[in-house]
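Asks: Sequence order for the protein chains is A and B.
For what it's worth, our numbering labels the leading residue of the first sequence as 95, then goes sequentially.
For what it's worth, our numbering labels the leading residue of the second sequence as 564, then goes sequentially.
Every residue gets a Cβ at the ideal spot worked out from N, C-alpha and C, and that includes glycine.
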Amino acid sequence: MNTASNTPRVAPWTAWFAHAVIGFMVVPTLLVVPISFNGDQYLRFPPRDFSLRWYEDFWSNEQWLHSAWISLVTALAVMAIATTLGTLAALALHRMTGASKKILLGLMMSPLMVPTVVLALALYFFFARLQMVGTWTAVVLGQVILAIPFTVLNVHASLQGYPATLERAASSLGAGPATTFFRITVPIIRPGILSGALFAFMVSFDEFIIALFLAGPGETTLPVRMWQTMQLYISPTIAAVSSMITGITIAIFVASHALRRRANRRRFAERQPGTSRLASTRGHTLAPASGRWTENRKLMSTEV
Amino acid sequence: MSYLSLIDVEKTYASSAPAVRNVFLEIERGEFVTFLGPSGSGKTTTLSMVAGFILPSSGRIEVGGKDITHVPPHQRNIGMVFQDYSLFPHMTVEENVAFPLRMRGMSKKNITSRVGEALEIVGLSGFGHRLPVQLSGGQQQRVAIARAIVYRPAILLMDEPLGALDRLLRDRLQLEIKQIQREMGITTLYVTHDQSEALTMSDRICVFNEGEIVQIGTPSSIYEKPSNVFVAGFVGESNFLECRVLTRKSDTPDNTYVLGFLNSASVRVKSERDLPVHGEAIAVVRPEHIRVEPTSVQPQTTEVAFQATIRDIIYRGESSSLQAILPSGQIVTARIPSRSVSLSPNQQIHLVWETRDMVLLPNDKRPEAVIEAAE
Chain A
95 MNTASNTPRV APWTAWFAHA VIGFMVVPTL LVVPISFNGD QYLRFPPRDF
145 SLRWYEDFWS NEQWLHSAWI SLVTALAVMA IATTLGTLAA LALHRMTGAS
195 KKILLGLMMS PLMVPTVVLA LALYFFFARL QMVGTWTAVV LGQVILAIPF
245 TVLNVHASLQ GYPATLERAA SSLGAGPATT FFRITVPIIR PGILSGALFA
295 FMVSFDEFII ALFLAGPGET TLPVRMWQTM QLYISPTIAA VSSMITGITI
345 AIFVASHALR RRANRRRFAE RQPGTSRLAS TRGHTLAPAS GRWTENRKLM
395 STEV
Chain B
564 MSYLSLIDVE KTYASSAPAV RNVFLEIERG EFVTFLGPSG SGKTTTLSMV
614 AGFILPSSGR IEVGGKDITH VPPHQRNIGM VFQDYSLFPH MTVEENVAFP
664 LRMRGMSKKN ITSRVGEALE IVGLSGFGHR LPVQLSGGQQ QRVAIARAIV
714 YRPAILLMDE PLGALDRLLR DRLQLEIKQI QREMGITTLY VTHDQSEALT
764 MSDRICVFNE GEIVQIGTPS SIYEKPSNVF VAGFVGESNF LECRVLTRKS
814 DTPDNTYVLG FLNSASVRVK SERDLPVHGE AIAVVRPEHI RVEPTSVQPQ
864 TTEVAFQATI RDIIYRGESS SLQAILPSGQ IVTARIPSRS VSLSPNQQIH
914 LVWETRDMVL LPNDKRPEAV IEAAE
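(1) Just the chain B side, please: which residues come within less than 7 Å of SER265 of chain A by C-beta, in chain order?
(2) Taking only beta-carbon atoms, is HIS653 of chain B less than 9 Å away from chain A?
(3) Assess, as a yes-or-no matter, whether the region 671-686 of chain B is touched by the region 748-758 of chain B under the definition of 3 or more beta carbon pairs within less than 8 Å.
(4) Determine the direct distance from the alpha carbon of ASN772 of chain B to that of GLU573 of chain B, and round the result to whole angstroms.
(5) Comparing C-alpha positions only, which one of B:LEU914, B:ALA897, B:GLY880 sits nearest to PRO857 of chain B?
(6) Between the beta-carbon of PRO128 of chain A and the beta-carbon of PRO140 of chain A, is there less than 9 Å?
(7) THR229 of chain A: which of A:SER194, A:LEU306, A:LEU124, A:LEU125 sits nearest, CA to CA?
(8) Can you tell me which of B:THR607, B:SER611, B:ASN926, B:LEU725 puts its alpha carbon nearest to the alpha carbon of HIS841 of chain B?
(9) Against chain B, with Cβ distances strictly below 9 Å, would ALA193 of chain A count as a contact?
(10) Give me the Cβ distance between LEU728 of chain B and GLY686 of chain B, rounded to the nearest whole Å; I'm assuming they're in contact under 8 Å.
(11) Could you tell me which whole alpha helix (DSSP H) segments of length 4 or greater appear in the region 287-362 of chain A?
(12) SER649 of chain B touches chain A at which residues, Cβ-Cβ below 8 Å?
(13) Rounded to the nearest angstrom, how far is the Cβ of PRO619 of chain B from that of THR607 of chain B, given a contact under 8 Å?
(14) Alpha carbon to alpha carbon, how far is ASP837 of chain B from VAL808 of chain B?
(15) Quick check on the burial criterion: 16 or more other C-beta atoms within 10 angstroms. Buried or exposed for LEU201 of chain A?
(16) From ILE776 of chain B to CYS769 of chain B, what distance separates their C-alpha atoms?
(17) Could you list which residues in chain B have their beta carbon closer than 7 Å to that of ALA269 of chain A, in chain order?
(18) Apart from the five residues on each side of it in sequence, which residues of its chain come closer than 7 Å, Cβ to Cβ, to LEU732 of chain B?
(19) Identify the residues that DSSP records as bridge partners of GLY823 of chain B: which are they?
(20) Whose Cβ in chain B lies nearer than 7 Å to the Cβ of ILE278 of chain A?
(21) Report yes or no: do the region 825-832 of chain B and the region 787-801 of chain B share at least 3 C-beta pairs separated by less than 8 Å?
(22) At 4 residues or longer, and completely inside the region 158-209 of chain A: list those alpha helix (DSSP H) runs for me, N to C.
(23) Could you please give the first and the last residue of the uninterrupted beta strand (DSSP E) stretch that includes ASN585 of chain B?
(24) Return the CA-CA distance between PRO102 of chain A and PHE111 of chain A, expressed in angstroms with no decimal places.
(25) Using a Cβ-Cβ cut-off of 9 Å, state whether ILE287 of chain A counts as contacting chain B.
(26) Is there a Cβ from chain B that is less than 9 Å from the Cβ of ILE282 of chain A?
(27) In the DSSP assignment, the alpha helix (DSSP H) including LYS574 of chain B goes from what residue to what residue?
(28) Which residues in chain A have a C-beta closer than 7 Å to the C-beta of PRO663 of chain B? List them in chain order.
(29) Just verifying my parser: in three-state terms, what is the DSSP assignment at PRO925 of chain B?
(30) Please report the straight-line C-alpha distance between ALA887 of chain B and ALA868 of chain B, rounded to a whole angstrom.
(31) Quick one: what does DSSP say ASN659 of chain B is sitting in, helix, strand or coil?
(32) Taking 9 Å as the CB-CB cut-off, is TYR714 of chain B touching chain A?
(33) Kindly say whether MET747 of chain B, judged by its beta-carbon, lies nearer than 9 Å to any beta-carbon of chain A.
(34) Would you say THR273 of chain A reaches chain B, if we count a Cβ-Cβ gap shorter than 9 Å as a contact?
(35) Between the beta-carbon of PRO285 of chain A and the beta-carbon of TYR136 of chain A, is there less than 9 Å?
(36) Here's a check: name, in chain order, each residue in its chain whose Cβ is nearer than 7 Å to the Cβ of THR315 of chain A, leaving out the five neighbours to either side.
The following block contains the structure:
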């Protein structure tokens, strides 16, 4: 618990600087929230009076609701496909070694490096050949590409420190391959699968460029609808939508953090090999913080 | 009739020397056999082939006369204990131990009693509801052992099970494992690179080197009659003295050779082994067989004496290690009582041992290379 005592002392200006950076990252997003409760016709800050009219406007507008529905269904589809593919890929990667593993992992991460506009344009031409531009399927498939790195990384990270002999142990004890997969492997990587799925959901839910390029008029997702609305006039409804999306995002990440904590409690005993280099260099993977071990143990021994 | 047979088992990986070759092994029911060797010597690969995790490139593995070479691991009824314990982290101790029984479709009631029994055998009754993460390394390995024996498998395989534990715990678990094995009468293959562990626990030891079994025998025969320089260097400490076979005496029933050592008198030694006359040989002497005497003392007729200069004396607790240089420049290590206060570096001494404590081996390898491999 007492981790603060272990942190080295820092000069006050470093702390101020850090706080300033955090403020810069968070405040613009949060400014939207008070604006959304503004009773005025225009986006105004600080708001002059309090009103829920823009939320009401959203919930009573057929078009907004339709877009929200499209976004939700798309995100769920992307989540399902990307999680399945990403989990299988991570399992395969876990068994590989050497250069081929690195190359393959690099290829799977490439959607993170390639600018999304480039990807969207390429997909546009690709799907144009297949006469799929303007279809919901095209949007889903395009967003799956963006989501797969996150599911691969999360599952891959949850496989780290998982003794390679666990599957062998299971088979020596009489479990066939299918039983081993569902009784041993899946329970162990479940937190990675779940948080990968949440990431995939979020990637799709607020994805804009691919949806803009590939979606037809009937499949306008929420971000695209917001953009279209802003082209015409800037309505504070957008602030209300933004606030709700931000709220959902925060809720999802809190949920994923809770998952991670629960998973950590059941992780492996001492002498766990360090989390992978990959996990430590990429901020968004879910590597268990090794410093948390003693804390968890304490937590558990009180439970017993 | 042997119970477990490995018949000319070989494992080759593409584009490299065979990982394992020429393995012939007959193991009796209830026997405790240890695979001993440095890392990369093929001992774990051989064990994995018995477990079914690796398919041999050629050869056969039989249990009770039945060929199991192509039987998948989960149908072999073999118990295995791994160095990293390999407990299922999401299951409690009880669930871990019950797992193999559940796989065998046993009834709930039977499972409970069998799990209780197994946990009692390894001394962990009352720990059933804990998670593996809440146990120490030694306790986790006990759970792993319980899990591997609870279904009374035909064969128990252990892959360096004590490798991750500290020394005191290791010594204790060695005895416990041996006891459990003897009481259950379970045929056991045990992999280790720790020669003292192998000597303590085994009925027989197979010494592996470079993918081959270089010697099979009881611990005492491995230690006292190493069949080659590698075994002599890997199992216990040894001094290697290069020599030349001068003549063979044919008037005695045994082979008696006259050996010439560098800068030293010739020595008569009996050997069970045929050595080429006029060829190079290596005489192996264990440090504990060497006595240190003043230069004035003359050796008995059954003894050999080498003049030497003390280089260093290293205190090791129960004994000390004395290093002396022979006139040939070779360093010989002797084990002496720790209280030999009369000895000090640069002193001239005689190193004396009985000729029957010497093992003669053909000089097929440079001993330095062997010692390096052993370390």
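Replies: For this structure:
(1) Counted from its first residue, the first sequence places residue 265 of chain A at position 171. Those within 7 Å of SER265 of chain A in chain B are PRO636, HIS637.
(2) Translated into the one-based positions of the second sequence, residue 653 of chain B becomes position 90. Yes, HIS653 of chain B lies at the interface with chain A (some Cβ there is under 9 Å from its Cβ).
(3) Short answer: they don't touch.
(4) Here residue 573 of chain B corresponds to residue number 10 of the second sequence, with the count starting at 1. Here residue 772 of chain B corresponds to residue number 209 of the second sequence, with the count starting at 1. GLU573 of chain B and ASN772 of chain B have their C-alpha atoms some 14 Å from each other.
(5) Taking the first residue of the second sequence as position 1, residue 857 of chain B is located at position 294. Closest in C-alpha terms to PRO857 of chain B, from the list B:LEU914, B:ALA897, B:GLY880, comes B:LEU914.
(6) As a working note, residue 128 of chain A is residue 34 in the first sequence. As a working note, residue 140 of chain A is residue 46 in the first sequence. Against a cut-off of 9 Å, the Cβ pair of PRO140 of chain A and PRO128 of chain A comes out as a contact.
(7) Start at 1 with the first residue of the first sequence, and residue 229 of chain A comes out as number 135. Residue nearest to THR229 of chain A within the set A:SER194, A:LEU306, A:LEU124, A:LEU125 is A:LEU306 (criterion: CA-CA distance).
(8) As a first step, residue 841 of chain B is located in the second sequence; it is residue number 278 there, counting from the start. Taking the Cα of HIS841 of chain B as reference, the smallest distance to any Cα among B:THR607, B:SER611, B:ASN926, B:LEU725 is reached at B:ASN926.
(9) Sequence index remark: in the first sequence, residue 193 of chain A carries index 99 (1-based). Taking Cβ atoms only, chain B never reaches closer than 9 Å to ALA193 of chain A, which makes this a no.
(10) For this step, residue 728 of chain B is matched to residue 165 along the second sequence. For this step, residue 686 of chain B is matched to residue 123 along the second sequence. Not really, about 15 Å apart at Cβ, beyond 8 Å.
(11) Listed in chain order, they are 303-308, 316-326, 331-359.
(12) Here residue 649 of chain B corresponds to residue number 86 of the second sequence, with the count starting at 1. Against chain A, a Cβ distance below 8 Å from SER649 of chain B picks out PRO257, THR259, LEU260, ARG262, ALA263.
(13) For the purposes of this step, residue 619 of chain B is identified with residue 56 of the second sequence, where counting begins at 1. For the purposes of this step, residue 607 of chain B is identified with residue 44 of the second sequence, where counting begins at 1. That belief does not hold up - the Cβ atoms of PRO619 of chain B and THR607 of chain B are roughly 14 Å apart, past 8 Å.
(14) Working through the second sequence from its first residue, we reach residue 837 of chain B at position 274. Working through the second sequence from its first residue, we reach residue 808 of chain B at position 245. Each residue's alpha carbon lies about 11 Å from the other.
(15) Your numbering for residue 201 of chain A matches position 107 in the first sequence. Classification for LEU201 of chain A: exposed.
(16) Residue mapping note: residue 776 of chain B aligns to position 213 of the second sequence, counting from 1. Residue mapping note: residue 769 of chain B aligns to position 206 of the second sequence, counting from 1. CYS769 of chain B has its alpha-carbon roughly 6 Å from the corresponding atom of ILE776 of chain B.
(17) As a first step, residue 269 of chain A must be located in the first sequence, where it is residue number 175. Chain-ordered, the chain B residues with CB closer than 7 Å to the CB of ALA269 of chain A read HIS637, MET666.
(18) Stepping through the second sequence from its first residue, residue 732 of chain B is reached at position 169. Hits under 7 Å: GLY701.
(19) Start at 1 with the first residue of the second sequence, and residue 823 of chain B comes out as number 260. Residue pairing by DSSP places GLY823 of chain B opposite B:ARG807, B:SER829 in a beta bridge.
(20) For the purposes of this step, residue 278 of chain A is taken as the residue at position 184 of the first sequence. By Cβ distance, chain B contributes PHE651.
(21) The region 787-801 of chain B and the region 825-832 of chain B do not touch, with fewer than three beta-carbon pairs separated by less than 8 Å.
(22) Complete alpha helix (DSSP H) runs here, min 4: 192-207.
(23) For the purposes of this step, residue 585 of chain B is identified with residue 22 of the second sequence, where counting begins at 1. Residue range 583-590 is occupied by the beta strand (DSSP E) that includes ASN585 of chain B.
(24) Stepping through the first sequence from its first residue, residue 102 of chain A is reached at position 8. Stepping through the first sequence from its first residue, residue 111 of chain A is reached at position 17. For PRO102 of chain A and PHE111 of chain A, the distance between alpha carbons rounds to 17 Å.
(25) By 1-based counting over the first sequence, the position of residue 287 of chain A is 193. Using beta-carbon distances, ILE287 of chain A does not count as an interface residue toward chain B, since no partner is under 9 Å.
(26) On the first sequence, position 188 is the one that residue 282 of chain A refers to. Answer yes: the Cβ-Cβ gap between ILE282 of chain A and chain B drops below 9 Å somewhere.
(27) Residue mapping note: residue 574 of chain B aligns to position 11 of the second sequence, counting from 1. Not the alpha helix (DSSP H): LYS574 of chain B falls in the beta strand (DSSP E), residues 567-574.
(28) Within the second sequence, residue 663 of chain B is the residue found at index 100, counting from 1. Within chain A, the residues near PRO663 of chain B are LEU267, GLY268.
(29) Counting from one through the second sequence, the residue named residue 925 of chain B turns up at place 362. In this structure, PRO925 of chain B counts as strand in the three-state DSSP scheme.
(30) To locate residue 887 of chain B, count along the second sequence from 1; it is residue 324. To locate residue 868 of chain B, count along the second sequence from 1; it is residue 305. Whole-angstrom Cα-Cα distance: 13 Å.
(31) Looking up residue 659 of chain B in the second sequence gives position 96. The DSSP-derived three-state label of ASN659 of chain B is helix.
(32) Sequence index remark: in the second sequence, residue 714 of chain B carries index 151 (1-based). Look at TYR714 of chain B: its C-beta is under 9 Å from a C-beta on chain A.
(33) Stepping through the second sequence from its first residue, residue 747 of chain B is reached at position 184. So, not an interface residue.
(34) For this step, residue 273 of chain A is matched to residue 179 along the first sequence. With respect to chain B, the C-beta atom of THR273 of chain A has a partner C-beta closer than 9 Å.
(35) Numbered from 1 along the first sequence, position 191 holds the residue referred to as residue 285 of chain A. Numbered from 1 along the first sequence, position 42 holds the residue referred to as residue 136 of chain A. When the beta-carbon positions are compared, PRO285 of chain A and TYR136 of chain A stay at least 9 Å from each other.
(36) The residue given as residue 315 of chain A occupies position 221 in the first sequence. Result list for THR315 of chain A: SER161, ILE164, SER165, THR168, ALA305, ALA309, in chain order.
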